[in-house]
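Residue numbers (full-length UniProt numbering): 1 to 1159.
Please read the structure below before turning to the comments.
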Amino acid sequence: GVASAFNNQEPYELCKSQEDKKCASKCFTSRFASGTMANKDHETDYWAWWINERMRTVRQTCDAIDMFIAPSLHLKKRFIDEFDLPSEKVKYLPYGFDRSILANRQRIRALNDPLTFGYIGRHSPSKGINLLFEAAKEIVQNDSQLANQFRIVIYGRSDPTTTTNLQAMANAAGVSVEWRSEYKNSEIVQRVFNHVDYIVVPSIWDENSPLVIHEAQQCGVPVITANQGGMSELVKDGVNGLTFTHRNASSLAKALLQAVQQPNLLDRFSQYSYLYSNDRQVPSIESHVDQLIDLYSTLTKSQVEEQENLQPKPIDSLRAPRRITFDTNPDDCNFSCIMCEQHSEHSPHQKARKEAKIRRRRMDFDIIKQVVAETASLGLQEIIPSTMGEPLMYRDAKGRTFEDIIKLCRDYNIKLNLTTNGSFFSPQGHSVTEWAHLLMPVLSDVKFSWNGITQTTQERVMKNSKLDKQLKNLIEFLRVRDDFANQGKNRATVTLQLTFMEINLLEIPQIVKFGISLGVDRIKGHHLWAHFKQIKEQNLRRSPEAIRRWNQCVLECKNIARQYLLPTGKQIKLENFFELSEQSGSSSIHPQSVCPFLGREAWINHSGRYDPCCAPDQERLSLGTFGHVQNSNENLMKIWTSDAYKNLVNNYTKYSLCQNCNMRKPPELKWTYSRVSSCGTYHICLNAQQPLYKYRFKNVLPFHSPGLAPVLDQTGRAFHINEHGEHVYSQRFDRTFGFYEDLAVVQKGNHWYHITDQGSPAYRSVWQWCGNFQSNRCSVRDFNLKYYHIDRVGRIVSGPHSYAGDFREGSAVIRSSIDGLFRAIDENGDFLHSSSKTTSFFDLDIYHKGLARARDENGWFFIDRTGVDIGQGRRYRQIENFYNGQALVQLRHDGSRCIIDEQHRILARLDNCQDESRADIEHISKSYWPSFALKIGLDQKTNLLQVDHQSNDYKSNLREQIQQVWTELGFLKLSSDQKTFTVTDRGHLLFDRNSITRDRACYWLRDQHISAWLPTFDFQNQSSSNVDVFSEIAKTPDLVALTQRVLNSYADQDWHGITSVLPTELFRASSVVDLGGGVGALLREISKHCVNQRLICIDRPEVIRLASTHPKIEFLSGDLFSGALPSSDFYFLSRVLHDWPDEKVKLILKTVFQQNIYA
């Protein structure tokens, strides 16, 4: 909005961007507010919501519009830059005018007549008439004699709210102002342009393409206007008119004064007038209409071409049908499914048959045998017995049963594809186990009819069924199938087949989960053939709302299939789970959908009649009559190659039955066979090795389901395109990423969030960073650098963490923000290993095929989903995931790499990938004292090379000890004069800038570790000192934990394999005590080889509190000098005595030997 200056208000600022909150506070609450401060925030929130909804609706509408026409380049640029319209959708087309009414201008002005400035238009504040008066007043105030040299004429309808104020301003301006009424546009030349010298357009609004400027220029009247928007586009200062600074009265005064003082400008400006045509005329209305028609024709032509291209690919018929379905016994079934054409309680067929006392229809086995014999050698691969009745109940008039069909398949080496209701009811009385053994050698696939996960739904849809019996039969059949496969015999696939209906819609995702849990290979369904009016409301294609719920079900089922894998590690197959178009209602078939049956499969009804597809019997008769395989002059192959059948194959889309057939398959989308071009600016279709579309971008990323790819255009705006290169929504972002589980990450400014394929936010929150959705969960990071997991609607399901990884196989890895350790969580944010003794790790990887890589203080190992170490304590330097039962590992003791199996047996040893010296150094770095020496030496390289025989301070003594260790390890060499040290070739490995060895050597030795141990070195160099280092350390709990962590790091390494050198008596002893045993590293190693021994670890109380529990070790607080030690067969004093002066050592030994034991 704009405020008027003549109401003593400052002009409102121009709106530079659309922001919901800003628009609500500045443009709505200020105009529509209740006026009470108590409601202010509530009203602002309401209008912000209202504006957001309005803008969302407008953007959705824009997506449905094929072309926008902008009458000015200024408007085109604004809508592209600020409203994110695609540039290819916005066309520039100037207005057209009726030139006949803009002709024959005759302006006659005497030499001394004042110059006339005219204004045409409304008296509204946005038009800036007040600026014109202010500018005139400024001119007159500066030079009163100029008042007689120009005048102002105002044309237009008066406004009761503003005209009076404007007239008062005009009177105060000190210049002649004449007010004239509105006029007919056909009289604009006679009424206006014949009486003015300039037209002034002083608008303070961001005008688009003012009509009055075009009209004035067509008549040769120069224009004075602001240098803003479409106004400055039409008038160039000093060329065809004058311009002034927008909203600046003083700048306008200068332009008016220039016109008054330079009357010769009139003729010059008049000659140039309109700048965008060779003849200086504005576009005519006729040419404008022609261009509009051309633009419209361009659109309609492309749509016609698109419709012509939206035809299914021609069917290339096979030499012979690959599969034949025989309607063996359509009248035999022990169930009454509500959707069945024959056996539904709503079907009249069986009732009519019984009333007419007609025998059950059953195919003569000889028909099956004849057709199979004819086609088996021509490409027949499998047969399907009856799909309308229960095929296992088959028995023809001569007593031949389903077992004869099985034998026929064996004789001709073809497969049997079976559809059954799962009851396994048959005349022979075979059990499910017996049927399974009979079928398995010839079976390709068996489809169990399964229409509900609950007993209520299953038995409502499949009347007379018993869910518990069907479930028992299914499990037993799967068991036999798996036994056959494990013996290396035929492995048939098992499918759950259902009809998609309202009655079972909510249970379909659970059916998918159910199938996965049992190890079913496939879930196959089809939409309802609503044969009867009683079930029409079950049709999920009946309305946009029903289709919308079906499409949501599809997404949920696909997510489940991705999230939960079969026991084989594969993903379950979902057949016919594809989304429908909401706009097309019952005609929701993609126009390029292909019939999967014509030219590939054949149907033979019970009497031998040839049918082209699986449509309901009465409906498929509308496709024509093709022949009968039992006629003397006909057989299946003659029908297959007949003109009548070929005509149907070539023209099936013209038949109403085919046009809306549920069975037609949508086309394979081109994007699924595409890759990014080598230049990264477009996508290439792999099949044709041609660009997928005509457009070029600055950068593109690969396509993801649902067929969208992230792109960055030449202006730096990011969005998503379809496989035609067209944008799919109007919004624009700074960065876009691929769709995962139908949501994509976008970045706009500092905000990251997810969008739908419509470009709308998936939830309301924003983040500093977002990951991709996996298993309906996504990791995000907030602006405090904390990680969380969110669900699809933005709800937090876990966190905060210092790190959160992606979900896979139902779990994700998080790093605690409290202790820095890694743990696995499930989809609800609960710890996955809550029942395991070990729930946290130094490092942890995501699960891969049921196993995860984990690391503790001793190294890397593998855990199962319960958190159990499958290697029974084995640790490695590095490990890779298991693939096909084998994994690459690096051994700890020598750095060599091996291939192991899941029992951790070494299958192959690989060449060591490192130089021997480098591997040796890594091994050395695992022990604390050598690694400490490495760290200090690396930090003090220069001092380390010097020899100082004079000083006797602490630092010199420490340097000498470090030099001695480096020399023993082969890193330094003392010169012959014993004055300097030089670094050996082996030592230079440590100073390599990219040295992995050095980094690993220093892993534990951070500054705080060093400072913790400096008192120890000081104490050791002063053997007479009575300082109790451990008491000093005990004063700082953090230092206690740090010290024990360091001690344990090398103790675990050094004690590995210690049991091989211990006396055998130890393993026959009833008890073993480790004095000063820290957190139990030594006893933990011994416990692996002890059965019934009592193992006791004694140390200071602050140390014992840090020890983790162990089923075989008792941790006791104790004092080595008090004499109160538990009785035991063995005592260990490992790395204890060297910490104390001789007097303390004697006391310790005396305490031990007073126990009269073997020590």
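For each residue, glycine too, the CB sits at the ideal point set by N, CA and C.
Note that the structure is predicted; figures quoted are calculated from it, not measured.
**Message:** Please return the same chain residues whose Cβ sits closer than 6 Å to the Cβ of Leu416, not counting the five positions on each side in sequence.
**Reply:** Numbered from 1 along the sequence shown, position 416 holds the residue referred to as residue 416. Cys409, Val442, Leu443, listed in sequence order.
**Request:** Hey, could you find the ends of the alpha helix (DSSP H) His151 is sitting in?
**Result:** Taking the sequence shown and counting its residues from 1, the one referred to as residue 151 is at position 151. Reading the sequence as shown, one finds Arg at residue 151 and not His. It is not in any alpha helix (DSSP H) - Arg151 instead sits in the beta strand (DSSP E) that spans 150 to 155.
**Prompt:** What are the boundary residues of the beta strand (DSSP E) that Gln552 is part of?
**Reply:** As a position in the sequence shown, residue 552 is number 552, starting the count at 1. In the DSSP annotation of this structure, Gln552 is not part of any beta strand (DSSP E); the continuous alpha helix (DSSP H) holding it starts and ends at 544 to 563.
**Asked** Quick one: what does DSSP say Gln370 is sitting in, helix, strand or coil?
**Response** Numbered from its first residue, the sequence shown carries residue 370 at position 370. In the structure shown, the three-state DSSP call for Gln370 is helix.
**Asked** How would you write the range of the alpha helix (DSSP H) that Gly229 sits in, first residue to last?
**Response** Translated into the one-based positions of the sequence shown, residue 229 becomes position 229. First-last of the alpha helix (DSSP H) with Gly229: 229 to 234.
**Item:** Residue of Val868, Asn650, Cys770, Ala804 minimising C-alpha distance to Ile315
**Value:** Your numbering for residue 315 matches position 315 in the sequence shown. Measuring from the Cα of Ile315, the nearest candidate turns out to be Asn650.
**Request:** Report the rounded CA-to-CA distance for Val58 versus Gly174, giving the unit in angstroms.
**Result:** The residue labelled residue 58 in the question sits at position 58 within the sequence shown. The residue labelled residue 174 in the question sits at position 174 within the sequence shown. Between Val58 and Gly174, the C-alpha separation is close to 49 Å.
**Prompt:** Ordered along the chain, which non-local residues of its own chain (more than five positions away) have a Cβ less than 6 Å from that of Thr756?
**Reply:** If you number the sequence shown from 1, residue 756 lands on position 756. Residues of the same chain with a CB within less than 6 Å of the CB of Thr756, apart from the 5 flanking positions on each side, are Ala762 in chain order.
**Message:** Taking the alpha-carbon of Tyr610 as reference, which of Ser465, Pro321, Lys558 has the nearest alpha-carbon?
**Reply:** For the purposes of this step, residue 610 is identified with residue 610 of the sequence shown, where counting begins at 1. Nearest in C-alpha terms to Tyr610, of all of Ser465, Pro321, Lys558, is Pro321.
**Item:** Simplified DSSP assignment, three categories, for Tyr645
**Value:** Numbered from 1 along the sequence shown, position 645 holds the residue referred to as residue 645. Note: Tyr645 maps to helix in three-state DSSP.
**Asked** Ends of the beta strand (DSSP E) at Glu382?
**Response** As a position in the sequence shown, residue 382 is number 382, starting the count at 1. 382 to 384 is the span of the beta strand (DSSP E), which, as asked, contains Glu382.
**Asked** Do you know whose CA, among Ser270, His349, Trp205, lies nearest Val223's CA?
**Response** Position 223 of the sequence shown, counted from the first residue, corresponds to residue 223. The shortest CA-to-CA distance from Val223 to any of Ser270, His349, Trp205 is the one to Ser270.
**Request:** Given a cut-off of 8 Å, decide if Glu390 and Phe425 are closer than it, judged by their beta-carbon atoms.
**Result:** Translated into positions along the sequence shown, residue 425 becomes position 425. Translated into positions along the sequence shown, residue 390 becomes position 390. Cβ distance < 8 Å, so Phe425 and Glu390 count as in contact.
**Message:** So if DSSP puts Gly831 in a beta bridge, which residue, or which two residues, is it bridged to?
**Reply:** Residue 831 sits at position 831 when you count from the first residue of the sequence shown. Sequence check: residue 831 is Phe here, not Gly. The partner list for Phe831 (beta bridge, DSSP) reads Ile825.
**Prompt:** Between the beta-carbon of Gly850 and the beta-carbon of His904, is there less than 8 Å?
**Reply:** Position 850 of the sequence shown holds residue 850. Position 904 of the sequence shown holds residue 904. Between Gly850 and His904, the gap from beta carbon to beta carbon reaches 8 Å or more.
**Asked** Can you name the start and end residues of the alpha helix (DSSP H) that Val1029 belongs to?
**Response** Looking up residue 1029 in the sequence shown gives position 1029. Residues 1029 to 1034.
**Asked** DSSP beta-bridge partners for Thr736?
**Response** Position 736 of the sequence shown, counted from the start, is the residue given in the question as residue 736. Partner(s): Val746.
**Request:** Entirely within the UniProt domain "4Fe4S-binding SPASM" (595 to 662) and at least 4 residues each: give me those alpha helix (DSSP H) ranges in chain order.
**Result:** You should have 617 to 620, 636 to 640, 643 to 651, 656 to 659.
**Asked** Any idea what DSSP makes of Trp767, helix, strand or coil?
**Response** In the sequence shown, counting from the first residue as 1, residue 767 sits at position 767. DSSP places Trp767 in strand when its eight states are reduced to three.
**Top-ranked residue by Cα proximity to Asn551, from Ser1134, Arg764, His727, Pro706** = The residue labelled residue 551 in the question sits at position 551 within the sequence shown. Asn551 has its Cα closest to that of Pro706, out of Ser1134, Arg764, His727, Pro706.
**Request:** Please work out which residues of its chain come closer than 8 Å, Cβ to Cβ, to Asp845, disregarding the five sequence neighbours upstream and downstream, and give them in chain order.
**Result:** Start at 1 with the first residue of the sequence shown, and residue 845 comes out as number 845. Result list for Asp845: Val813, Ala852, Arg853, Ala854, Asn881, in chain order.
**Request:** May I ask you to report which of helix, strand or coil DSSP gives residue 1208?
**Result:** A question about residue 1208 goes unanswered here, because the residues of the chain that appear run from 1 up to 1159.
**CA-to-CA distance, Thr1064 to Arg808, given in whole angstroms** = Taking the first residue of the sequence shown as position 1, residue 808 is located at position 808. Taking the first residue of the sequence shown as position 1, residue 1064 is located at position 1064. Answer to the nearest angstrom: the Cα atoms are 48 Å apart.
**Request:** Could you please give me the residues that DSSP links to Phe841 through a beta bridge?
**Result:** Translated into positions along the sequence shown, residue 841 becomes position 841. Among the bridge pairs identified by DSSP, Phe841 is matched with Phe822.
**Item:** Residue closest to Gln411, alpha-carbon to alpha-carbon, out of Ala24, Lys369, Asp267
**Value:** What you label residue 411 is simply residue 411 of the sequence shown in a count that begins at 1. According to the sequence as given, residue 411 is Asp; it is not Gln. Out of Ala24, Lys369, Asp267, Lys369 has the C-alpha closest to the C-alpha of Asp411.
**Asked** Are there three or more Cβ pairs, one per stretch, closer than 8 Å when the stretch 612 to 620 is compared with the stretch 575 to 582?
**Response** Touching, no.
**Message:** Quick check: the Cα distance between Lys354 and Gly429, rounded to an integer number of angstroms?
**Reply:** What you label residue 354 is simply residue 354 of the sequence shown in a count that begins at 1. What you label residue 429 is simply residue 429 of the sequence shown in a count that begins at 1. Looking at the two C-alpha atoms, the distance is approximately 25 Å.
**Message:** Could you pull the DSSP bridge partners for Val223 from this structure?
**Reply:** Start at 1 with the first residue of the sequence shown, and residue 223 comes out as number 223. Answer is Ile199, Gly241.
**Request:** Give me the Cα-Cα distance between Pro1111 and Asp901, rounded to the nearest whole angstrom.
**Result:** Reading the sequence shown from its first residue, position 1111 is the one you call residue 1111. Reading the sequence shown from its first residue, position 901 is the one you call residue 901. Approximately 29 Å, taken between the alpha carbons.
**Request:** Reducing DSSP to helix, strand and coil, say where Gly799 ends up.
**Result:** Looking up residue 799 in the sequence shown gives position 799. Here Gly799 sits in strand by DSSP.
**Prompt:** Got a sec, what are the start and stop residues for the beta strand (DSSP E) Pro710 sits in?
**Reply:** By 1-based counting over the sequence shown, the position of residue 710 is 710. Looking at the DSSP string, the run of the beta strand (DSSP E) that includes Pro710 is 709 to 712.
**Prompt:** Would you report the Cα separation of Leu1005 and Ile1104, rounded to the nearest angstrom?
**Reply:** The residue given as residue 1005 occupies position 1005 in the sequence shown. The residue given as residue 1104 occupies position 1104 in the sequence shown. Note that Leu1005 scores 39 on pLDDT, short of 50, meaning its location in the model is unreliable; the coordinates nonetheless yield the value given after this. About 23 Å.
**Request:** Could you have a look at Pro761 and say whether DSSP puts it in helix, strand or coil?
**Result:** Position 761 of the sequence shown, counting from 1, holds the residue named residue 761. Here Pro761 sits in strand by DSSP.
**Prompt:** Is the stretch 227 to 237 close to the stretch 59 to 77, with three or more CB pairs under 8 Å?
**Reply:** Three or more beta-carbon pairs separated by less than 8 Å link the stretch 227 to 237 to the stretch 59 to 77, which places the two stretches in contact.
**Item:** One or two residues paired with Cys778 in a DSSP bridge
**Value:** Residue numbering aside, residue 778 sits at position 778 when the sequence shown is read from its first letter. Answer is Ile790, bridged to Cys778.
**Message:** If I follow the unbroken alpha helix (DSSP H) through Ser517, where does it start and stop?
**Reply:** Looking up residue 517 in the sequence shown gives position 517. Bounds of the alpha helix (DSSP H) holding Ser517 are 508 to 518.
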